[in-house]
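Listed in order, the protein sequences are those of chains C and B. One point on numbering: in the numbering used here, the residue at position 7 of the first sequence is 15, and numbering is uninterrupted. One point on numbering: in the numbering used here, the residue at position 109 of the second sequence is 871, and numbering is uninterrupted. Where is the CB? At the ideal position from N, CA and C, for every residue including glycine. For reference, the structure discussed in these notes is given below.
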Amino acid sequence: MKITLNNNQEIFKQESLTVRELLKVKNFTFKMLVIKINGRLVNKTDYETAQIHEGDEVHVLHLISGG
Amino acid sequence: MLTFEEIKERLSRKRVGIAGCGGLGSNCAVALARVGTGTLVISDFDIVTESNLNRQYYFRDQIGQKKTLALTVNILRINPFINVIPHDLKITPANISGLFAGCDVIVEAFDRSEEKEMLIETVLTELPSIPLIVGLGMAGWGMNDSIHCRRIDNLYICGDEQTEIGPDMPPIAPRVGMVSNMQANVALEILLAKS
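So this is what it looks like as structure tokens:
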């Protein structure tokens with residue numbers, strides 16, 4: 009499938025991925041994240057079930073400390 | 763384009779919520795106060811300590827005071843013609859809506875990533891129509907070009923998105939000031955476009 013991830017076009021061999029699978033494939037290891045699929049916030053409790061499909065727009069925001 | 767008098771007039775009807783009164787929050791609040799933002803809702807549970815003075819908008823003789831009280835005093839010394847609504851409390855998912863509903867813009871100004879995540883999740887869920895401006899990555903010094911601003915829907919991100927604070931990477935005045943003023947600048951862009 010082809011998706012837009014953080015404003016970049018990316019191609020994955022899988023036809024769909026859960027959020028948890030996407031994080032693993034991309035090696036996104038940050039603990040503190042905000043994830044949106046097509047403008048909708050994905051709750052942390054839904055990372056195992058929320059599906060990403062062809063054409064989806066996904067944002068993964070890494071939160072780092074400092075302020 | 764607008765004259766400064768027109769800017770002040772438009773901003774006088776606006777309300778901005780600021781979550782946290784540390785390096786980001788205190789400097790952002792002062793910038794918004796100087797240009798005449800009508801109401802600032804500020805919130806923090808902490809007190810001013812000596813280690814805050816390397817970046818936060820407090821004075822040595824305010825060490826030991828509540829940050830919300832000290833910041834209110836400092837803002838009103840600069841601009842006594844705006845309203846400051848201080849909340850001396852710890853922000854939690856349960857009180858965010860009550861604190862910031864009715865604001866035209868919310869500024870995220872926390873220190874720890876856990877708190878940033880909590881605020882973003884709660885605002886996107888409970889107050890999705892209010893623009894949220896977060897500060898992300900400003901530790902260290904130099905590297906001017908790494909600081910940027912980008913937008914995801916109603917979420918605005920200011921910072922380098924890279925430098926996490928640590929013993930060898932402290933948050934200090936220049937870059938914290940840059941990001942906090944960038945947050946204030948984004949807030950103005952939103953506030954002046956809406957009216």
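TODO: Would you mind giving the Cβ-Cβ distance between valine 792(B) and tyrosine 819(B), rounded to the nearest angstrom? I have them listed as a contact below 8 Å.
DONE: Reading the second sequence from its first residue, position 30 is the one you call residue 792(B). Reading the second sequence from its first residue, position 57 is the one you call residue 819(B). Valine 792(B) to tyrosine 819(B), Cβ: 5 Å. Contact.
Open item on the list: Are the CB atoms of isoleucine 868(B) and glutamate 888(B) within a distance shorter than 8 Å?
Closed with: Sequence index remark: in the second sequence, residue 888(B) carries index 126 (1-based). Sequence index remark: in the second sequence, residue 868(B) carries index 106 (1-based). No, they are not a contact pair.
- [ ] Flag this pair as yes or no: are the beta carbons of glutamate 812(B) and methionine 40(C) separated by less than 8 Å?
- [x] As a working mapping, residue 812(B) is identified with position 50 in the second sequence. As a working mapping, residue 40(C) is identified with position 32 in the first sequence. No, they are not a contact pair.
Task: Cβ pair glycine 782(B), glycine 74(C) closer than 8 Å - done: Numbered from 1 along the second sequence, position 20 holds the residue referred to as residue 782(B). Numbered from 1 along the first sequence, position 66 holds the residue referred to as residue 74(C). Not closer than 8 Å, so no.
- [ ] Counting only the same chain and skipping the five closest in sequence on each side, list residues whose C-beta sits under 7 Å from that of alanine 946(B).
- [x] Taking the second sequence and counting its residues from 1, one reaches residue 946(B) at position 184. Result list for alanine 946(B): Cys790, Ala793 and Leu794, in chain order.
Open item on the list: Which residue wins for smallest C-alpha separation from threonine 53(C), given the options Val778(B), Asp808(B), Glu883(B) and Tyr918(B)?
Closed with: For the purposes of this step, residue 53(C) is taken as the residue at position 45 of the first sequence. Ranking the options by Cα distance to threonine 53(C), first place goes to Glu883(B).
Task: Host beta strand (DSSP E) of cysteine 790(B) (start-end) - done: Translated into the one-based positions of the second sequence, residue 790(B) becomes position 28. Element bounds for cysteine 790(B): not the beta strand (DSSP E) but the alpha helix (DSSP H), 785 to 796.
Open item on the list: In whole angstroms, give me the CA-to-CA distance for leucine 802(B) and isoleucine 780(B).
Closed with: If you number the second sequence from 1, residue 802(B) lands on position 40. If you number the second sequence from 1, residue 780(B) lands on position 18. Roughly 7 Å separates the two Cα atoms.
- [ ] Measuring only between beta-carbons, confirm whether glycine 784(B) sits less than 8 Å from chain C.
- [x] In the second sequence, the residue the question calls residue 784(B) occupies position 22. Closer than 8 Å: yes.
Task: Own chain, CB closer than 6 Å to arginine 937(B), minus 5 neighbours either side, in chain order - done: Along the second sequence, one-based indexing puts residue 937(B) at 175. Cβ neighbours of arginine 937(B) beyond the five flanking positions: Met900.
Task: Residue range of the unbroken beta strand (DSSP E) whose run includes asparagine 16(C) - done: Here the question's residue 16(C) lines up with position 8 in the first sequence. From DSSP, the beta strand (DSSP E) with asparagine 16(C) extends over 16 to 19.
TODO: Report the option in His67(C), His61(C), Lys32(C) and Leu69(C) whose CA atom is closest to the CA atom of lysine 10(C).
DONE: Translated into the one-based positions of the first sequence, residue 10(C) becomes position 2. Among His67(C), His61(C), Lys32(C) and Leu69(C), the Cα nearest to that of lysine 10(C) belongs to His61(C).
Task: DSSP bridge partner residues for threonine 811(B) (one or two, in chain order) - done: Taking the second sequence and counting its residues from 1, the one referred to as residue 811(B) is at position 49. For threonine 811(B), which the question treats as bridged, DSSP gives no partner whatsoever.
Open item on the list: Out of His67(C), Val66(C), Asn51(C) and Gln59(C), which one is the CA nearest neighbour of glutamate 23(C)?
Closed with: Residue mapping note: residue 23(C) aligns to position 15 of the first sequence, counting from 1. Per the Cα distances, Gln59(C).
Open item on the list: Assuming contact is defined by CB atoms lying nearer than 8 Å, are asparagine 35(C) and valine 68(C) in contact in what I supplied?
Closed with: Working through the first sequence from its first residue, we reach residue 35(C) at position 27. Working through the first sequence from its first residue, we reach residue 68(C) at position 60. Not closer than 8 Å, so no.
Task: Cα-Cα separation, aspartate 64(C) to aspartate 922(B) - done: On the first sequence, position 56 is the one that residue 64(C) refers to. On the second sequence, position 160 is the one that residue 922(B) refers to. So the two alpha carbons sit approximately 26 Å from each other.
Task: Proximal chain C residues relative to threonine 887(B), where beta-carbon distance stays under 7 Å - done: Locating residue 887(B) in the second sequence gives position 125, counting from the first residue. Within 7 Å Cβ-Cβ: Leu49.
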